[in-house]
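J.:
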Amino acid sequence: MSDRHFDELATRFAEKIYGGAKGAIRLAVLQADLAEALPDRPLRVLDVGAGLGHMSLWLAGRGHDVTLAEPAEPMLEGARQRFAEAGQRATFIQAPWQELLGRLDQPYDLVLCHAVLEWLAEPGAILPVLHQLTAKGGWLSLAFYNKDALIYRNLLKGHFRKLRKERFAGEGQSLTPQRPLDPRELATQLGEHWQVESRSGVRVFHDYMPQEFQAKAELIDLLEMELAHRHHPAFAGLGRYLHWICRPL
Numbered sequence: 019m020s021d022r023h024f025d026e027l028a029t030r031f032a033e034k035i036y037g038g039a040k041g042a043i044r045l046a047v048l049q050a051d052l053a054e055a056l057p058d059r060p061l062r063v064l065d066v067g068a069g070l071g072h073m074s075l076w077l078a079g080r081g082h083d084v085t086l087a088e089p090a091e092p093m094l095e096g097a098r099q100r101f102a103e104a105g106q107r108a109t110f111i112q113a114p115w116q117e118l119l120g121r122l123d124q125p126y127d128l129v130l131c132h133a134v135l136e137w138l139a140e141p142g143a144i145l146p147v148l149h150q151l152t153a154k155g156g157w158l159s160l161a162f163y164n165k166d167a168l169i170y171r172n173l174l175k176g177h178f179r180k181l182r183k184e185r186f187a188g189e190g191q192s193l194t195p196q197r198p199l200d201p202r203e204l205a206t207q208l209g210e211h212w213q214v215e216s217r218s219g220v221r222v223f224h225d226y227m228p229q230e231f232q233a234k235a236e237l238i239d240l241l242e243m244e245l246a247h248r249h250h251p252a253f254a255g256l257g258r259y260l261h262w263i264c265r266p267l
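Counting with the numbering used here, you get residues 19 to 267 for the letters of the sequence shown.
#1: Using 8 Å as the threshold, is the C-beta distance between A55 and W157 below it?
#2: Which runs of the beta strand (DSSP E) fall wholly inside the region 62-131 and span at least 3 residues, in chain order?
#3: Hey, could you find the ends of the beta strand (DSSP E) H261 is sitting in?
#4: Can you give the beta carbon distance from P224 to I111, rounded, assuming they're within the 8 Å contact cut?
#5: At what residues does the beta strand (DSSP E) containing A153 begin and finish?
#6: For the alpha helix (DSSP H) that G292 lies in, which residues bound it at each end?
#7: Can you have a look at S218 and say buried or exposed, based on whether 16 or more other CB atoms are within 10 angstroms of its CB?
#8: Round the Cβ separation of R22 and N164 to the nearest angstrom and send it over; I've been treating them as touching at under 8 Å.
#9: Specify, as a first and last residue, the run of the beta strand (DSSP E) that E215 falls within.
#10: Where do the N-terminal and C-terminal ends of the alpha helix (DSSP H) with L179 fall, by residue?
#11: Check whether the region 82-102 touches the region 56-71, taking contact to mean three or more Cβ pairs, one atom from each stretch, closer than 8 Å.
#12: By the DSSP assignment, the alpha helix (DSSP H) with F231 in it spans what residues?
#13: Please return the same chain residues whose Cβ sits closer than 6 Å to the Cβ of A215, not counting the five positions on each side in sequence.
#14: So who's on the other strand from L199, going by DSSP bridges?
#15: Roughly how many angstroms separate the alpha carbons of I144 and H211, rounded to a whole number?
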């Protein structure tokens, strides 16, 4: 297994996701978490695996100095266009995470790593790099595909054979992540160098709703309920993604 980078098909799929409720909920939760955690002053921000740049654009609009690092040219070009249309400036770097320490000369106040770990051959290998890229006293915003949620969804669908074989990863050109993360294993890996200050669930109920209920629900109501329950002790761990804000030790 190798790191997965995204082609034009995956880029179009990502654009479709962000045009619907799933993407809107994801952005709303991440933005709410960061708005609560970050100080009210300009920060130097690095977005590792920035994709189409949705989060970076939001941060740039709040006055932060943003650098986007993305290995896939179709994704990075989409981000450039998005920034140009919004009249915002940023630095764009086409590079995988393995090259960043050699190309960046100082750490950042805030490092984003959203929906990246689950596409890596060895997710734990990026953690020391993220630590070096984060300034002392800074923040790491880490969002990852939750293996617990994937198991639960398969239980609800009665896919017991798949569960017995532990076939959780997407295969080939599938856009299901190739390595869903066990939150307990990740917490152990983080423990030596990071303190997790806040935990949220992203889409804690939306993806479990029957499709006819999803179709009837108003987006404003979905956003309100997802935001209200993102920290709930029983529901947060069922988020399709988990969002952890970490501080370096």
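Quick reminder that beta carbons are idealized off the backbone N, C-alpha and C, glycines included.
T.: The structure says:
#1: Note that the C-beta distance between A55 and W157 is below 8 Å.
#2: Segments of the beta strand (DSSP E) lying fully in the region 62-131: 62-66, 83-87, 109-111.
#3: 259-266
#4: In the sequence as presented, Pro is not what sits at residue 224; that position holds His. About 33 Å; that fails the 8 Å criterion.
#5: 152-163
#6: Lying outside 19 to 267, the shown extent of the chain, residue 292 is not represented and no answer is given.
#7: buried
#8: Not really, about 18 Å apart at Cβ, beyond 8 Å.
#9: That run of the beta strand (DSSP E) goes 212-220.
#10: First, the amino acid is wrong: residue 179 is Arg here, not Leu. Looking at the DSSP string, the run of the alpha helix (DSSP H) that includes R179 is 178-182.
#11: Taking 8 Å as the limit for Cβ pairs, the verdict is that the region 56-71 does touch the region 82-102.
#12: 229-234
#13: In the sequence on display, residue 215 carries Glu and not Ala. Around E215: I263, R265.
#14: N164
#15: 13 Å
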